[in-house]
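2 protein chains.
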Amino acid sequence: MQLTPLTERFVLHFGEMGSRWGINRTVGQIYALLFISPQPLNADEIAETLSFSRSNVSMGMKELMSWRLARMSHRSGDRREYFEAPKDIWEIFHTLAEEKRRREIEPTLSMLREALLATPQTDEERHAQARMREMHELVEMATVWFEEVQRLSPETLEGLMRLGAKVQKVLGFTDKLRGKE
Amino acid sequence: MQLTPLTERFVLHFGEMGSRWGINRTVGQIYALLFISPQPLNADEIAETLSFSRSNVSMGMKELMSWRLARMSHRSGDRREYFEAPKDIWEIFHTLAEEKRRREIEPTLSMLREALLATPQTDEERHAQARMREMHELVEMATVWFEEVQRLSPETLEGLMRLGAKVQKVLGFTDKLRGKE
DNA sequence: TTGAATTTTCAATAATTTTTGAAAATTGTA
DNA sequence: TACAATTTTCAAAAATTATTGAAAATTCAA
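If you read the protein sequences in the order shown, they are chains A and B. Sequence positions in the first sequence follow my numbering and run 1 to 181. Sequence positions in the second sequence follow my numbering and run 1001 to 1181.
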């Protein structure tokens, strides 16, 4: 696939953003390319379009697949593997959130849970543990909430989001009465 | 401040997690230390506790301040700067979300907005642009929604989150009727 | 002002991460 | 099974990022 100025900018942007997230430039660019490609691409096409080595693409695909941000497909009479990004943006959000939770939130929650089991030996430890408890409570609540919300269909979610503004208007009033902004 | 096994584990965990987010190990550890510290710490104390060079701490503090995850304070009769992490976990969430939006979402949105202004020259470009439009719409909607939600007070938000489960139960039913998961 | 205390900068070094090419492994088919 | 096509692995090289110590800059009290 040939990059035009329009698509190149998109691809490069995702490369740079990639490094702000945990993924590297290569992976970001490959993903962006698959996202806008009208048809699945094979590894050589990706390597050529982005000027990466073939093996780099192989690594990148492994990473993307582990994030479930790319899928493999095949063409009849062609042994090569073709890759495509999931089409549905809601699905992508969903997947990303789930993987982030698995890789970042869950380990943190277990660390916190374990820390909360310990008996603090000093005032400092007591204080530290109290802070960890606060963090644990909020993270857990947010996670549970997020899980719930994620079970909703895209349509319902969109509806809820649009509703958000209204909920805010109603509730915002109460908040202001309590001086909470 | 002296690290105990309990607090050390917490600090190291945040160091490692830091690298999954865009921030580095040092910054992650400093933040964790400030978070659990019962009182503000000065740069030397931080450097000593975490075995970093003084200058590394200086860099790290600059970064943390830019994320608004640390504040400076002073003690009377002491010229050194003391640092502390904001106490309120809701505030921290809020701040983080805001900075992430500013640094990652907004640049992406402007790139997309610009790309959407271009007139596509080929079918491929037309397709690419359509995909970008989908992405733009969802990201923008999510952002606006998030802004709205963020205006709510922590109390209201907690209420909404607890409500989440119920909303889901009611709405989930409708979804199932429509065969949507 | 001066100068001691403190913080910041910055170029050099260290450490880590990414990228590559070549070799090994795998896959599907003749 | 044998072999050609394809993918993966992996150690070395390249690139990037983090860390440091020394020097410069800043701050504030005398």
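The beta-carbon is built from N, C-alpha and C at its ideal position, and this holds for glycine as well. All values reported here derive from a predicted model rather than from experimental measurement.
May I ask which residues mark the beginning and end of the beta strand (DSSP E) holding residue i?
| i | result |
| --- | --- |
| GLU1106 (chain B) | Note, GLU1106 (chain B): premise wrong, no beta strand (DSSP E); alpha helix (DSSP H) at 1106-1117. |
Using DSSP bridges, identify the partner residues of residue i.
| i | result |
| --- | --- |
| ASP78 (chain A) | A:ARG75 |
| LEU1041 (chain B) | B:PHE1083 |
Spatial neighbours of residue i within its chain, please: C-beta separation below 7 Å, excluding the five flanking residues on both sides.
| i | result |
| --- | --- |
| SER1058 (chain B) | ALA1043 |
| THR1119 (chain B) | none |
| LEU34 (chain A) | LEU41, ALA70, PHE83, GLU84 and ALA85 |
| ARG126 (chain A) | PRO120 |
| GLY1179 (chain B) | Only weak support is given to the placement of GLY1179 (chain B): the predicted model assigns it a pLDDT of 49, under 50, and the question is left unresolved by the model. |
| GLY1172 (chain B) | Caution is warranted here: a pLDDT of 48 is assigned to GLY1172 (chain B), below 50, making its placement in the model unreliable, and the coordinate value is therefore given only provisionally. Nothing meets the Cβ criterion. |
| GLN150 (chain A) | HIS94 and ALA97 |
| THR143 (chain A) | ARG101 and ILE105 |
| PHE52 (chain A) | THR26 |
| ARG1075 (chain B) | TYR1082 |
Under 6 Å Cβ to Cβ from residue i, same chain only, skipping five residues before and after it: list those, please.
| i | result |
| --- | --- |
| ARG182 (chain A) | The structure shown does not extend to residue 182 (chain A), since chain A is modelled only from 1 through 181, so no value can be given for it. |
| ARG102 (chain A) | none |
| GLY15 (chain A) | ARG25, GLY28 and GLN29 |
| ALA1047 (chain B) | ARG1054 and VAL1057 |
| GLU1099 (chain B) | TRP1067 |
| GLY1060 (chain B) | THR1026, VAL1027 and ILE1030 |
| LEU50 (chain A) | GLN29 |
| GLU81 (chain A) | MET72 |
| MET141 (chain A) | none |
Which whole-angstrom value is the C-beta distance of residue i and residue j, which I expect to be below 8 Å?
| i | j | result |
| --- | --- | --- |
| MET1132 (chain B) | ILE36 (chain A) | 7 Å |
| MET64 (chain A) | TYR31 (chain A) | Just to set this straight, residue 64 (chain A) is Leu in the shown sequence, not Met. Confirmed, about 6 Å. |
| MET1 (chain A) | GLU45 (chain A) | 6 Å |
| GLY22 (chain A) | ARG1054 (chain B) | Going by Cβ atoms, the distance from GLY22 (chain A) to ARG1054 (chain B) rounds to 29 Å, so no, they are not a contact pair. |
| TRP90 (chain A) | PRO38 (chain A) | Between PRO38 (chain A) and TRP90 (chain A) the Cβ distance is about 20 Å, and since that is not below 8 Å, they are no contact. |
Apply the 10 Å Cβ neighbour rule to residue i and answer buried if 16 or more other Cβ atoms are within range, or exposed otherwise.
| i | result |
| --- | --- |
| GLY18 (chain A) | buried |
| THR1156 (chain B) | buried |
| HIS1013 (chain B) | buried |
| GLU114 (chain A) | exposed |
| THR1007 (chain B) | buried |
| GLY77 (chain A) | exposed |
| THR122 (chain A) | exposed |
| ASP88 (chain A) | exposed |
| PHE10 (chain A) | buried |
Counting along the chain, where does the alpha helix (DSSP H) carrying residue i start and finish?
| i | result |
| --- | --- |
| GLY1028 (chain B) | 1025-1036 |
| LEU1012 (chain B) | 1005-1020 |
| TRP1090 (chain B) | 1089-1100 |
| GLU143 (chain A) | A quick correction: the sequence has Thr, not Glu, at residue 143 (chain A). Here the alpha helix (DSSP H) through THR143 (chain A) covers 123-151. |
| MET1061 (chain B) | 1054-1066 |
So, at 8 Å on beta carbons, what are the nonlocal neighbours of residue i in its own chain, with the 5 sequence-adjacent residues on each side left out?
| i | result |
| --- | --- |
| VAL139 (chain A) | ILE105, THR108, LEU109 and LEU112 |
| LEU116 (chain A) | GLN129, MET132, ARG133 and HIS136 |
| PHE1146 (chain B) | ALA1097 and ARG1101 |
| ILE1092 (chain B) | LEU1069, ALA1085 and PRO1086 |
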